[in-house]
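Engineer: In my numbering, the protein residues as written are 358 to 493. All C-beta atoms in this analysis are idealised placements derived from N, C-alpha and C, irrespective of residue type, glycine included. Here the structure is a predicted model, which means the values were calculated and not measured. The structure under discussion is supplied below as structure tokens; questions concerning it will follow.
See the structure below:
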């Protein structure tokens, strides 16, 4: 009887521990960390040396640098908690480089005066992915 009661107690404790772990893993793995709207203005089309940017991912990174580092955000730009860090802006640029977007979306970003939505994915506060949409 002692062995049976002891085994049930261990099984119950393990089950409770597993259930807590599974809930935490599900919470941490939920995906979207946040979504942010960016306004790609004319100032975002040039780097800090005044050179015209030629790739959409460069423009997105410059928008976040203008907002966070240089204090030159557009009124329509949302604040985000990630891209004040230069390393996170570099991560964003690398992530966007591997992304395929339509020619029309790329052209609109490179022309400026367009709203872009970023949705950041991750675990905890660690960034793991990004989605991008271009709006009218």
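(1) Contact check, residue 422 vs residue 446 under 8 angstroms by CB: the rounded distance?
(2) Who are residue 394's beta bridge partners in DSSP?
(3) Count the CB pairs spanning the region 423–438 and the region 451–466 that are closer than 8 angstroms, and state whether there are at least three.
(4) By the 10 Å Cβ neighbour count, where 16 or more other Cβ atoms means buried, how is residue 414 classified, buried or exposed?
(5) So residue 424 is in the alpha helix (DSSP H); what residue range does that whole segment cover?
(6) Within 10 angstroms of its Cβ, does residue 401 collect 16 or more other Cβ (buried), or is it exposed?
(7) Quick check on residue 483: does DSSP put it in helix, strand or coil?
(8) Grab me the residues of residue 392's own chain with a C-beta within less than 8 angstroms of its C-beta, minus the 5 sequence neighbours each way, in chain order.
(9) How far does the alpha helix (DSSP H) with residue 445 in it reach, from first residue to last?
Structural biologist: So, from the data block:
(1) 6 angstroms
(2) 474
(3) no
(4) buried
(5) 413–425
(6) buried
(7) Looking at residue 483 - three-state DSSP - the assignment turns out to be strand.
(8) 474, 475, 476, 477
(9) 443–454
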